[in-house]
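Asks: Residue numbers 100 to 386, in my numbering, belong to the letters of the sequence shown in order. Handing you this structure, nothing more for now.
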Amino acid sequence: MRTGRPVAARVAWEEPWGQRFAPVPGASGFQVVLEGTCWLLRDHAEPVELRAGDVVFLPDGRGHALAGSPTTPVTSVPCDPNDPDFAADHPVPANPTTVTLCGAYELDHVHPLLRDLPDTVLVSGPELHAAVTLLAGELERPRLGSDALVPALLDTLLLYLLRTWFAGNPETTGWAAALNDPVIATALHHVHRDPAHPWTVAGLAATAGLSRAPFAKRFTALVGQPPLTYLTWWRMTTAARLLRDTDEPLARIAGQVGYTSEFAFAAAFKRAHGTAPGRYRRLGSTL
């Protein structure tokens with residue numbers, strides 16, 4: 100779903116306070132209330148009070164503000180998740196009343212699951228509280244392994260968030276409905292587990308126990324794109340992650356996502372991402 104590492108900063112606030120967060124293009128943003136309370140302020144929407152354990156997820160990274168009260172003026176201090184110092188320790192005020200976690204997930208392509216969400220998702224629940232507690236502990240007292248554990252906990256938090264929201268909105272259609280459809284979920288599982296396999300529509304239909312035409316119609320209706328279009332999207336998304344996170348040669352990555360020709364892989368990757376694989380890797384190493 101994401102590329103690169105999620106970034107997050109733990110910030111303590113002292114009254115009176117109000118912070119506007121600018122939009123983050125190409126990313127999903129999130130806010131977690133670790134301690135105390137605060138208010139979520141959005142354009143053209145009523146203020147919403149947030150309490151410890153509440154999570155705000157912004158699938159399209161839109162701008163918003165947090166404040167100690169709904170009437171507190173907000174400031175627009177620069178807050179860029181792409182800044183190398185974004186996750187650095189922030190000064191702790193003498194009498195903090197609220198502690199939040201601000202972060203972002205960089206996205207190359209918006210995952211279909213996120214397209215089914217509203218522009219702002221607010222959730223809370225026992226599973227989220229557990230993930231938030233673990234995350235808060237790692238950020239407050241970094242120890243051996245925290246560099247690896249914090250991104251994993253942020254991924255876990257996002258999964259719990261999505262699970263909680265979709266469980267509370269069973270009428271949701273689209274990609275979330277596809278995951279709840281045993282036939283389509285089976286096909287998706289095979290694609291995700293083995294993108295290198297030379298899948299055909301008939302082959303995917305066979306894994307789901309359907310004939311080709313009914314399967315293709317059902318898949319397209321629920322996922323929003325034909326089976327082989329989704330397969331290509333998943334292969335290119337997987338390739339982007341491998342380019343960013345590993346030093347594997349291009350030929351090996353091509354093979355891992357179903358291409359026997361490095362040239363064919365490079366052409367498909369450029370169509371999907373707008374740049375050649377090698378250049379994508381070089382750009383990623385500078386972020």
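Cβ coordinates follow ideal geometry from the N, Cα and C atoms, glycine included.
Specify, as a first and last residue, the run of the alpha helix (DSSP H) that Val300 falls within.
Replies: Start and end: Val300 to Ala307.
Asks: Grab me the residues of Glu361's own chain with a C-beta within less than 7 Å of its C-beta, minus the 5 sequence neighbours each way, in chain order.
Replies: Around Glu361: Leu349, Ala350 and Ala353.
Asks: If you compare alpha carbons, which of His289, His296 and Ala365 is closest to Ala307?
Replies: If we check each option's Cα against that of Ala307, His289 comes out closest.
Asks: Nearest to Leu227 by alpha carbon, out of Pro217, Cys137, Leu252 and Leu303?
Replies: Checked all of Pro217, Cys137, Leu252 and Leu303; the closest Cα to Leu227 is Leu252.
Asks: Taking just the CA atoms, how far does Ala286 sit from Thr102?
Replies: Caution applies to Thr102, whose pLDDT of 49 falls short of 50 and renders its modelled position unreliable; the model cannot decide the point.
Asks: Could you tell me which residues DSSP pairs with Gln118 in its beta bridges?
Replies: In DSSP, Gln118 forms a bridge with Leu165 and Thr174.
Asks: If distances are taken between C-alpha atoms only, which option among Thr197, Glu114 and Pro192 comes closest to Thr170?
Replies: Ranking Thr197, Glu114 and Pro192 by Cα distance to Thr170 puts Glu114 first.
Asks: Between the stretch 335-343 and the stretch 304-324, do at least 3 Cβ pairs fall closer than 8 Å?
Replies: Flag = no, the stretch 335-343 and the stretch 304-324 do not touch.
Asks: Nearest to Pro281 by CA position, among Thr263, Ala144 and Arg317, is which residue?
Replies: Out of Thr263, Ala144 and Arg317, Arg317 has the C-alpha closest to the C-alpha of Pro281.
Asks: Going by the CB atoms, is the gap between Val132 and Val222 shorter than 8 Å?
Replies: No, the Cβ-Cβ distance between Val222 and Val132 is not below 8 Å.
Asks: Among Asn194, Ser175 and Gly117, which has the Cα closest to the Cα of Ser387?
Replies: Outside the displayed range of the chain (100 to 386) lies residue 387, so it cannot be described from this structure.
Asks: Which residues in the same chain as Leu342 place their Cβ atom closer than 7 Å to its Cβ, once the five residues preceding and following it in sequence are excluded?
Replies: Result list for Leu342: Ile352, Pro376, Tyr379, Arg380 and Gly383, in chain order.
Asks: Should Phe156 and Phe129 be called a contact, given that it needs their Cβ atoms to be closer than 8 Å?
Replies: Closer than 8 Å, so yes.
Asks: Cβ of His143 within 7 Å of any heavy atom in the ligand PLP?
Replies: Among the components of this structure there are no ligands whatsoever, and the ligand PLP is therefore not found.
Asks: Measuring straight from C-alpha to C-alpha, what distance separates Ala111 and Leu234?
Replies: Taking the straight line from one Cα to the other gives about 15 Å.
Asks: Out of Ala266, Asn268, Val106 and Pro195, which one is the CA nearest neighbour of Pro206?
Replies: It should be pointed out that residue 206 corresponds to Leu in this sequence rather than to Pro. Checked all of Ala266, Asn268, Val106 and Pro195; the closest Cα to Leu206 is Val106.
Asks: For Gln130, which beta-bridge partners are listed by DSSP?
Replies: Answer is Val155 and Cys201, bridged to Gln130.
Asks: Would the beta-carbon of Ala230 fall within 8 Å of that of Ser127?
Replies: No, the Cβ-Cβ distance between Ala230 and Ser127 is not below 8 Å.
Asks: Am I right that Leu216 and Pro158 are in contact with their C-beta atoms under 8 Å? What's the rounded C-beta distance?
Replies: About 5 Å separates the two Cβ atoms, so the contact holds.
Asks: Within a Cβ cutoff of 8 Å, which residues of the same chain sit near Gly267, ignoring the five residues on either side of it in sequence?
Replies: Contacts found: Val222.
Asks: Quick one: what's got a C-beta closer than 7 Å to Arg150's C-beta in the same chain, skipping five residues either side?
Replies: Answer for Arg150: Val132 and Thr136, listed in chain order.
Asks: Measuring alpha carbon to alpha carbon, tell me which residue in Thr174, Ala301, Leu248 and Ala108 is nearest Leu140.
Replies: If we check each option's Cα against that of Leu140, Thr174 comes out closest.
Asks: Would you kindly work out how many angstroms separate the C-alpha atoms of Leu303 and Pro122, rounded to a whole number?
Replies: Answer to the nearest angstrom: the Cα atoms are 39 Å apart.
Asks: Consult DSSP for Val322 and reduce its assignment to one of helix, strand or coil.
Replies: In this structure, Val322 counts as helix in the three-state DSSP scheme.
Asks: Which of helix, strand or coil does DSSP assign to Ala68?
Replies: Because the chain is modelled from 100 through 386, residue 68 falls outside the range shown and cannot be assessed.
Asks: Rounded to whole angstroms, what's the CA-CA distance from Glu237 to Ala305? Just pull it up for me.
Replies: Roughly 45 Å separates the two Cα atoms.
Asks: Check each candidate in Val356, Ala363, Asn279 and Asp254 and name the one with the smallest Cα separation from Ala295.
Replies: The candidate whose alpha carbon is nearest that of Ala295 is Val356.
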